[in-house]
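First the structure, in the form of structure tokens, and then the observations on it.
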Amino acid sequence: MSAGIIKRTSGAQTKIPVFTLTQDGKTYLITPSNAGIKLDVGLNLEEADSYHLTPTEVTERGTDFVRYLCHKT
Numbered sequence: 357m358s359a360g361i362i363k364r365t366s367g368a369q370t371k372i373p374v375f376t377l378t379q380d381g382k383t384y385l386i387t388p389s390n391a392g393i394k395l396d397v398g399l400n401l402e403e404a405d406s407y408h409l410t411p412t413e414v415t416e417r418g419t420d421f422v423r424y425l426c427h428k429t
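When the letters of the sequence shown are read in order and numbered with our numbering, they come out as residues 357 to 429.
In structure tokens:
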């Protein structure tokens with residue numbers, strides 16, 4: 357697991373803290389539930405092992421986080 361930041365160019369919150377997790381050959385992105393992540397839209401990460409991820413599926417949703425299955429690009 358590694359920590360990173362999604363850097364946005366617009367919006368109230370320009371830096372969103374995230375975690376990336378690789379498990380069984382799959383890459384997951386864990387974000388705050390209010391991050392506004394959209395499926396199939398690529399994200400650029402800073403300070404993380406994977407620098408560009410595309411979330412493709414919601415695998416877990418909690419009260420304050422969402423875990424996405426991602427493709428590395």
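For each residue, glycine too, the CB sits at the ideal point set by N, CA and C. Only a predicted model underlies this, so the values are computations on that prediction, with no experimental measurement involved.
Check: Can you grab the Cα-Cα spacing for the pair valine 397 / threonine 410, in whole Å?; Outcome: 6 Å
Check: Out of curiosity, what's the CA-to-CA distance linking leucine 377 and threonine 370?; Outcome: 22 Å
Check: Using the Cα positions of tyrosine 407 and lysine 394, report the straight-line distance between them to the nearest angstrom.; Outcome: 17 Å
Check: Short check: CB of glutamate 403 to CB of isoleucine 361, under 8 Å?; Outcome: yes
Check: Quick one: grab the DSSP three-state call for glycine 392.; Outcome: coil
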